[in-house]
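The sequence shown begins at 200 in the working numbering and counts up by one.
Glycine included, each C-beta is placed from N, C-alpha and C at the ideal position.
Please read these numbers as outputs of a predicted model, since none were measured by experiment.
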Amino acid sequence: MSEIIAQLTLASAELPLWGRYTVVLIGSSVIVTGWRAYRFWFSLMVTLLAGIWGLIYGPRYHVAPVLAGVLSAVGMGCVALAVTRLLVFVAGGWLCWQAALLVVPAWANPLVCLLVGGILSTLLFRLVVRLVTASLGIVLMALGMGWIGGGGELVAVSNWVSKLGLANPDWAWLLASVSGALLQTLCDRVLDKWQARRQEAKKKAAEKKEPVAQAA
Numbered sequence: 200m201s202e203i204i205a206q207l208t209l210a211s212a213e214l215p216l217w218g219r220y221t222v223v224l225i226g227s228s229v230i231v232t233g234w235r236a237y238r239f240w241f242s243l244m245v246t247l248l249a250g251i252w253g254l255i256y257g258p259r260y261h262v263a264p265v266l267a268g269v270l271s272a273v274g275m276g277c278v279a280l281a282v283t284r285l286l287v288f289v290a291g292g293w294l295c296w297q298a299a300l301l302v303v304p305a306w307a308n309p310l311v312c313l314l315v316g317g318i319l320s321t322l323l324f325r326l327v328v329r330l331v332t333a334s335l336g337i338v339l340m341a342l343g344m345g346w347i348g349g350g351g352e353l354v355a356v357s358n359w360v361s362k363l364g365l366a367n368p369d370w371a372w373l374l375a376s377v378s379g380a381l382l383q384t385l386c387d388r389v390l391d392k393w394q395a396r397r398q399e400a401k402k403k404a405a406e407k408k409e410p411v412a413q414a415a
């Protein structure tokens, strides 16, 4: 995972300052609203990735890059919601594989982890969506804030993680993702309570207006 993050860091280093702030804003939004807006975020991700794929590989099929990018983005955007479950299945399997590499490397068989993680993602759909969106948000925030070292490690967390005796830098990403998922759960509960109070207040206000309307 660290190698992938390191490549993303090199790409994000070329972004202007406003671009980095935008990445941070998107990352924080993904962390907070991951479960509530997961359809939107997954659809957006699929659309953007398809557009980028079209821009890069369009000339191979003798198609103008812009045209290939637009058509790919629109086409995949139309079916994004249909493949959401498949994306969560693959993402859950990938997270399971990464966790196995950290905890029990001897058992980290890619195919087994993909299938086990995918099955768990269907049984624990909400939990896996929280972990996936929190992981994505953490990566985006770290890229925008420059919290990633040259080896792909999360500098903001790696220092105290190493004090716990966890030498692998991927532990920092795992712990940060779990923390992000917990924060997302807390935000959802706070928002649910606020919405419940708001609906209750509207209901009471409507009940108070009924006797007045009947008397009139």
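What is the residue span of the alpha helix (DSSP H) that residue i lies within?
i, result
"P304", "Premise fails: P304 is in no alpha helix (DSSP H) and is neither H nor E."
"Y260", "No alpha helix (DSSP H) contains Y260, which DSSP labels as neither H nor E."
"G226", "L216 to T232"
"L339", "F324 to M344"
Assuming the contact rule is C-beta atoms closer than 8 angstroms, residue i and residue j should be a hit. Round their C-beta distance to whole Å, please.
i, j, result
"G336", "G316", "20 angstroms between Cβ atoms; not a contact."
"V223", "G343", "4 angstroms"
"L294", "L330", "6 angstroms"
"V296", "P309", "Rather than Val, the amino acid found at residue 296 in this sequence is Trp. Right, their Cβ atoms sit about 6 angstroms apart."
"T246", "F288", "Not really, about 19 angstroms apart at Cβ, beyond 8 angstroms."
"P264", "L254", "5 angstroms"
Can you tell me which of the three DSSP states residue i falls into?
i, result
"A279", "coil"
"E406", "helix"
"E399", "helix"
"R284", "helix"
"R235", "coil"
On the three-pair Cβ rule with 8 angstroms, is the region 372 to 391 touching the region 271 to 284? no
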